[in-house]
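Asks:
2 protein chains.
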Amino acid sequence: MGLRERKKRATRAALAEAAVRLAAEHGVDNVTVEAISEAADVSPRTFFNYFDSRDDAFVTIDAEVGTRIREAVLAAPPSLDPLTAVHRAFADELADVERRHEVWNLRAEVLKQAPHLMVRSLGAHLEDELGLARAIAQRLDPGSPEPERPGLYPRLLAAVAGTAVRISIEHWSAGGATVPFLAVFERVFTHLAAGLPAPPPDDR
Amino acid sequence: MGLRERKKRATRAALAEAAVRLAAEHGVDNVTVEAISEAADVSPRTFFNYFDSRDDAFVTIDAEVGTRIREAVLAAPPSLDPLTAVHRAFADELADVERRHEVWNLRAEVLKQAPHLMVRSLGAHLEDELGLARAIAQRLDPGSPEPERPGLYPRLLAAVAGTAVRISIEHWSAGGATVPFLAVFERVFTHLAAGLPAPPPDDR
DNA sequence: ATGAAAAAATGCAGAGAATGCAAAATCTTT
DNA sequence: AAAGATTTTGCATTCTCTGCATTTTTTCAT
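Shown next, in the form of C-alpha cells:
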C-alpha cells in the first residue's frame, strides 16, 4: 500500500475521530465542519471530498465488514440452516465489539443524543442488506448464480439479522455492558429460531 | 376538531404532497424548500415550522398510526401469543396500503432515487418502535405498569415487526403489486413464527 | 358580536452546509 | 529529475436551517 493510499485512510480516520470526539465534548449540534477540519488539519473543502455530508462523519464505518459477512455466509458448511449460518457470520464479526468498546461507547453516546444520526447509522448498515440477501439466496440455491433480486425469504432473513444486531447492541449498551455482548446476541437468535414465542418471565 | 387543527393538517399535507410531486417531476435534488412552499402557498419559513428538515417533507407520515397499533396490541385477546397479536395489529393498519397505493408508489419512486431518503423513512418508523416495545412488555406482564425500558424480548419483537413491514412492502412493491399485499405480509409472519427455517424451493 | 388571549404565519438577518471549478501542492512512475 | 496522475485547497455561490420580532388568524369568554 503506497503512501498516497495510507494518507487517504489516515485523513479519513482523523476526520471521523475528530468528529466523534468534538461531538462528545461539545454536543453534536455544536460541531461545525470547519471545526472538524481544523482538528484533522485539513481544509473544510477537503472534508467534503471524504464525506457527502457533515453527518456522515459520525456514522460511516468500515466498508469491508459487509464483504466479510457475505463471504462467511457462503463459506459456511452446507449442513447449517440459513439462520444459523448468518448467526455465526455475524457473531465472528462482532467478537471484538467488547475489545474496542471504548470507541463504540463514545460513538453510541453521541448517537444517543442525536436520533437522526442513529437513523443514518442504521442506513449505513442497510446498504449491506441487499448484498447479504443475495448471498443467502445463493446459499439456498447453490447451482444458480447470485440473483439480482432475491426472493422474500432471503430478504427477510437478511433484514432480521440486521435487526438482531441492532437490538443486541442497544440492549447490551443500555444495560451498561454488564454482561458479555455475545451472550445477548445468543439470546436474540434463540428467540428468533424458536419463532418468537412468549418467553418465560425470567427471560424478558 | 376545530378549524385551527384542520388547517394545520391541511398545510402539512399540502407541503408533503407538493414535495413528493415536485420530486417525482424534477428529481429530488432539484426541489428547494422555496419551491415546495410556493406550491403549497405558504412562506418558506412556515415550511420549517412543520418539518425539521427539507428531507422530512418526503418522509414524515401520520403520527397516529403508531398509537393505534399500540392500542390494538394491548386490546388483543390475552389468549393470543405476542407475535400473533402484533401481526394482527399491523395487518389491520396496513389493510388499505393497496387502496392508497397510487400515493405510495409515487413516494416509493422518489425514495428509490434517493437512498438517503429511504434511510430517513425507516427512521421515522423507528421512532415508534420503543413505544411498541413498551406495549408488548405490558401485554406480557399485565399486572405491572408499562416499563420505561423494555426487556430484550419486547424490543426484539417490536423491531422484527417493523422489519417485517418494511420487507413486505419492499417485496410487494418490487413485484409490481401483482399479488395482494396482505398475502405477502402473511407469508412473512409465517416464516417468522416458524423460526425462519429454510423454506421449500417453491416458497422463496 | 367583540375584545383579549393563544397560536400560527411571516419577514428578515445570518450562520452553516454543500458544490463546482480552477489553481496549487503532493505523490507515483519511469 | 521530469512528466503524469491524484489530492488538496481557495473562492464564489446556492441552499438549508434557526432565532427573533411582527403581523395575521383562530379561539374563547363575556
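Protein chains in written order, with this note's numbering: chain R, 1 to 204; chain W, 1001 to 1204.
No residue lacks a Cβ here, since even glycine has one placed at the ideal position from N, Cα and C.
Every value quoted in this text rests on a predicted model; they were computed, and no experiment measured them.
What is the residue span of the alpha helix (DSSP H) that W:S1144 lies within?
Replies: Against the second sequence, residue 1144 of chain W aligns to sequence position 144. Boundaries cannot be given for W:S1144, as no alpha helix (DSSP H) includes it and DSSP labels it neither H nor E.
Asks: Can you tell which of R:N49, R:V28, R:L3, R:D203 has its C-alpha closest to the C-alpha of R:E186?
Replies: For the purposes of this step, residue 186 of chain R is taken as the residue at position 186 of the first sequence. R:E186 has its Cα closest to that of R:D203, out of R:N49, R:V28, R:L3, R:D203.
Asks: Return the Cβ separation of R:T163 and W:A1159 in integer angstroms, given the expectation that the two are a contact with Cβ distance under 8 angstroms.
Replies: Working through the first sequence from its first residue, we reach residue 163 of chain R at position 163. Working through the second sequence from its first residue, we reach residue 1159 of chain W at position 159. Going by Cβ atoms, the distance from R:T163 to W:A1159 rounds to 5 angstroms, so yes, they are a contact pair.
Asks: Got a sec, what are the start and stop residues for the alpha helix (DSSP H) W:I1061 sits in?
Replies: Numbered from its first residue, the second sequence carries residue 1061 of chain W at position 61. First-last for W:I1061: undefined, no H or E at that position.
Asks: Let me know the secondary structure DSSP gives W:G1131 once reduced to three states.
Replies: The residue labelled residue 1131 of chain W in the question sits at position 131 within the second sequence. In the structure shown, W:G1131 sits in a helix (DSSP, three-state: H, G or I).
Asks: Report the neighbours of W:E1071 on chain R: residues whose CB is nearer than 7 angstroms to its CB, in chain order.
Replies: Reading the second sequence from its first residue, position 71 is the one you call residue 1071 of chain W. By Cβ distance, chain R contributes nothing, its closest Cβ being about 20 angstroms from W:E1071, past 7 angstroms.
Asks: Using a Cβ-Cβ cut-off of 6 angstroms (strictly less than) and excluding sequence neighbours within five positions of R:F181, which residues of its own chain qualify?
Replies: Walking along the first sequence from the start, residue 181 of chain R turns up at place 181. These residues qualify, in order along the chain: V97, E98, W172.
Asks: Examine the Cβ distances between the segment 126 to 145 of chain R and the segment 61 to 79 of chain R and report whether three or more of them are shorter than 8 angstroms.
Replies: yes
Asks: Need the endpoints of the alpha helix (DSSP H) that R:V188 sits in, please.
Replies: As a first step, residue 188 of chain R must be located in the first sequence, where it is residue number 188. It spans 181 to 193 - the alpha helix (DSSP H) in which R:V188 sits, taken as one unbroken run.
Asks: Would you say R:A193 faces chain W, with C-beta separation under 7 angstroms as the test?
Replies: In the first sequence, the residue the question calls residue 193 of chain R occupies position 193. Yes, R:A193 lies at the interface with chain W (some Cβ there is under 7 angstroms from its Cβ).
Asks: From R:V31, R:A35, R:V42, pick the residue whose C-alpha is nearest to that of R:K7; which is it?
Replies: To locate residue 7 of chain R, count along the first sequence from 1; it is residue 7. Closest by alpha carbon: R:V42.
Asks: Counting only the same chain and skipping the five closest in sequence on each side, list residues whose C-beta sits under 7 angstroms from that of R:A91.
Replies: Working through the first sequence from its first residue, we reach residue 91 of chain R at position 91. Hits under 7 angstroms: L182, F185.
Asks: Below 7 angstroms between beta carbons: does that hold for W:L1157 and R:L152?
Replies: Against the second sequence, residue 1157 of chain W aligns to sequence position 157. Against the first sequence, residue 152 of chain R aligns to sequence position 152. Against a cut-off of 7 angstroms, the Cβ pair of R:L152 and W:L1157 comes out as no contact.
Asks: Report the option in W:T1084, W:V1059, W:A1114, W:E1093 whose CA atom is closest to the CA atom of W:I1136.
Replies: Translated into positions along the second sequence, residue 1136 of chain W becomes position 136. The shortest C-alpha separation from W:I1136 is found at W:T1084.
Asks: Please report whether the beta-carbon of W:V1065 lies at a distance below 7 angstroms from any beta-carbon of chain R.
Replies: The residue labelled residue 1065 of chain W in the question sits at position 65 within the second sequence. Taking Cβ atoms only, chain R never reaches closer than 7 angstroms to W:V1065, which makes this a no.
Asks: Any chance the segment 1099 to 1114 of chain W sits against the segment 1042 to 1053 of chain W, with 3 or more Cβ pairs inside 8 angstroms?
Replies: Contact between the segment 1099 to 1114 of chain W and the segment 1042 to 1053 of chain W is absent, because fewer than three Cβ pairs lie under 8 angstroms.
Asks: Against chain W, which members of the segment 74 to 90 of chain R pass a CB distance test of less than 7 angstroms?
Replies: D81, P82, L83
Asks: I need the straight-line Cα distance from W:A1075 to W:P1142, nearest angstrom please.
Replies: On the second sequence, residue 1075 of chain W is found 75 positions in, with the first residue counted as 1. On the second sequence, residue 1142 of chain W is found 142 positions in, with the first residue counted as 1. Using only the alpha carbons, I get a separation of about 11 angstroms.
Asks: State the Cα-Cα distance for the pair W:S1121 and W:V1059, rounded to the nearest angstrom.
Replies: Within the second sequence, the letter at position 121 stands for residue 1121 of chain W. Within the second sequence, the letter at position 59 stands for residue 1059 of chain W. Rounded to whole angstroms, the gap between the alpha carbons of W:S1121 and W:V1059 is 5 angstroms.
Asks: Using a beta-carbon distance below 7 angstroms, is W:G1151 in contact with chain R?
Replies: Taking the first residue of the second sequence as position 1, residue 1151 of chain W is located at position 151. Judged by the 7 angstroms Cβ criterion, W:G1151 is in contact with chain R.
Asks: Quick one: residues in its chain with C-beta nearer than 8 angstroms to the C-beta of R:V179, no 5 flanking neighbours on either side, listed in chain order?
Replies: Counted from its first residue, the first sequence places residue 179 of chain R at position 179. A distance below 8 angstroms between beta-carbons, with the five flanking residues on each side excluded, links R:V179 to the following residues of its chain, in chain order: W172.
Asks: State buried or exposed for R:Q138, treating a residue as buried only when at least 16 other CB atoms are found within 10 Å of its CB.
Replies: As a working note, residue 138 of chain R is residue 138 in the first sequence. Per the 10 Å Cβ criterion, buried.
Asks: Please determine, among R:V188, R:D52, R:A35, R:V73, the residue with the shortest C-alpha to C-alpha distance to R:E146.
Replies: Within the first sequence, residue 146 of chain R is the residue found at index 146, counting from 1. When only C-alpha atoms are compared, the closest one is R:V73.
Asks: Roughly how many angstroms separate the alpha carbons of R:V20 and R:E34, rounded to a whole number?
Replies: Within the first sequence, residue 20 of chain R is the residue found at index 20, counting from 1. Within the first sequence, residue 34 of chain R is the residue found at index 34, counting from 1. The straight-line gap from Cα to Cα measures roughly 14 angstroms.
Asks: Can you tell which of W:E1093, W:A1114, W:V1188, W:A1013 has its C-alpha closest to the C-alpha of W:V1028?
Replies: As a first step, residue 1028 of chain W must be located in the second sequence, where it is residue number 28. Minimum Cα distance to W:V1028 is reached at W:A1114.
Asks: Under 7 angstroms, do W:P1044 and W:S1037 count as touching if we go by C-beta distance?
Replies: Indexing the second sequence from 1 puts residue 1044 of chain W at position 44. Indexing the second sequence from 1 puts residue 1037 of chain W at position 37. Their beta carbons are under 7 angstroms apart, which means W:P1044 touches W:S1037 by this criterion.
Asks: Taking CB distances under 7 angstroms as the criterion, tell me whether W:A1198 reaches chain R.
Replies: The residue given as residue 1198 of chain W occupies position 198 in the second sequence. Cβ-Cβ to chain R under 7 angstroms: yes for W:A1198.
Asks: Report the rounded CA-to-CA distance for R:D56 versus R:V31, giving the unit in angstroms.
Replies: Position 56 of the first sequence, counting from 1, holds the residue named residue 56 of chain R. Position 31 of the first sequence, counting from 1, holds the residue named residue 31 of chain R. Each residue's Cα considered, the two are about 13 angstroms apart.
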